[in-house]
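Participant: The sequence shown lines up with residues 10 to 147 when you count with our numbering.
No residue lacks a Cβ here, since even glycine has one placed at the ideal position from N, Cα and C.
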Amino acid sequence: MNEEEPYFSPQGTTMPRHIAGLVDNVVACVLAVIAAKQVDAENIPMQAVLAISAYLGYYFVFEILTSRSLGKLLTGLKIVDFDGNRCSIKQVTIRTLFRLIEVNPFLLGALPAAIRIIWSRNKQRFGDKFANTVVVRG
Numbered sequence: 010m011n012e013e014e015p016y017f018s019p020q021g022t023t024m025p026r027h028i029a030g031l032v033d034n035v036v037a038c039v040l041a042v043i044a045a046k047q048v049d050a051e052n053i054p055m056q057a058v059l060a061i062s063a064y065l066g067y068y069f070v071f072e073i074l075t076s077r078s079l080g081k082l083l084t085g086l087k088i089v090d091f092d093g094n095r096c097s098i099k100q101v102t103i104r105t106l107f108r109l110i111e112v113n114p115f116l117l118g119a120l121p122a123a124i125r126i127i128w129s130r131n132k133q134r135f136g137d138k139f140a141n142t143v144v145v146r147g
């Protein structure tokens, strides 16, 4: 975990990031429902696996390919490492897995991530902190 200042400043990204998060959660949840509905209604375990995979896959695929999700694209944000470079697969994996806890629409919603972003010096949610990434304008 890095306590130094990132190459690009994440300041001024809090509100656009929350808007992006709302957009992304809607898109990811719709994709999760569509994926789950591809199997029989009686096969609830498989529906759950497909829903979670689609939900997390949305973020993982977009962040690997473009360093941003659709919500971040719409709000002019991108994800970078502390040196300002594109995130590695490891960093995107860490960010994505932390979503299970801090940006889970079925637990506390995005409340843990939102609080962490507001109160952290570098505007990082826990997934960013552990992945050593920041969300910046770009």
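Can you tell me whether Ser18 is buried or exposed, with buried defined as 16 or more other CB within 10 angstroms of its CB?
Facilitator: Position 9 of the sequence shown, counted from the start, is the residue given in the question as residue 18. Exposed: under 16 other Cβ atoms inside 10 Å.
Participant: Candidates Lys81, Ala45, Val39 and Leu106: which alpha carbon is nearest Ile28's?
Facilitator: In the sequence shown, the residue the question calls residue 28 occupies position 19. If we check each option's Cα against that of Ile28, Lys81 comes out closest.
Participant: Nearest-angstrom Cα distance between Asn131 and Ala123?
Facilitator: For this step, residue 131 is matched to residue 122 along the sequence shown. For this step, residue 123 is matched to residue 114 along the sequence shown. About 13 Å.
Participant: Please look up how many angstroms separate the CB atoms of Leu59 and Arg146, rounded, as I've assumed it's under 8 Å.
Facilitator: Here residue 59 refers to the residue found at position 50 of the sequence shown. Here residue 146 refers to the residue found at position 137 of the sequence shown. About 35 Å; that fails the 8 Å criterion.
Participant: Under three-state DSSP, which class holds Thr142?
Facilitator: Sequence index remark: in the sequence shown, residue 142 carries index 133 (1-based). Looking at Thr142 - three-state DSSP - the assignment turns out to be strand.
Participant: Which residue wins for smallest C-alpha separation from Val143, given the options Ala37, Leu65, Glu51 and Ser76?
Facilitator: Taking the sequence shown and counting its residues from 1, the one referred to as residue 143 is at position 134. Ranking the options by Cα distance to Val143, first place goes to Ser76.
Participant: Within 10 Å of its beta-carbon, does Val70 have 16 or more other beta-carbons around it, so buried, or fewer, so exposed?
Facilitator: As a position in the sequence shown, residue 70 is number 61, starting the count at 1. The residue in question, Val70, is exposed, as its Cβ has fewer than 16 Cβ neighbours within 10 Å.
Participant: From Thr22 to Glu14, what does the alpha carbon distance come to, in whole angstroms?
Facilitator: Translated into positions along the sequence shown, residue 22 becomes position 13. Translated into positions along the sequence shown, residue 14 becomes position 5. Using only the alpha carbons, I get a separation of about 15 Å.
Participant: Taking 7 Å as the threshold (C-beta atoms), are Gly136 and Arg95 in contact?
Facilitator: As a first step, residue 95 must be located in the sequence shown, where it is residue number 86. As a first step, residue 136 must be located in the sequence shown, where it is residue number 127. Taking 7 Å as the Cβ cut-off, Arg95 and Gly136 do not qualify as a contacting pair.
Participant: Beta-carbon separation of Ala45 and Tyr64 under 7 Å?
Facilitator: Taking the sequence shown and counting its residues from 1, the one referred to as residue 45 is at position 36. Taking the sequence shown and counting its residues from 1, the one referred to as residue 64 is at position 55. No, these two residues do not count as a Cβ contact at 7 Å.
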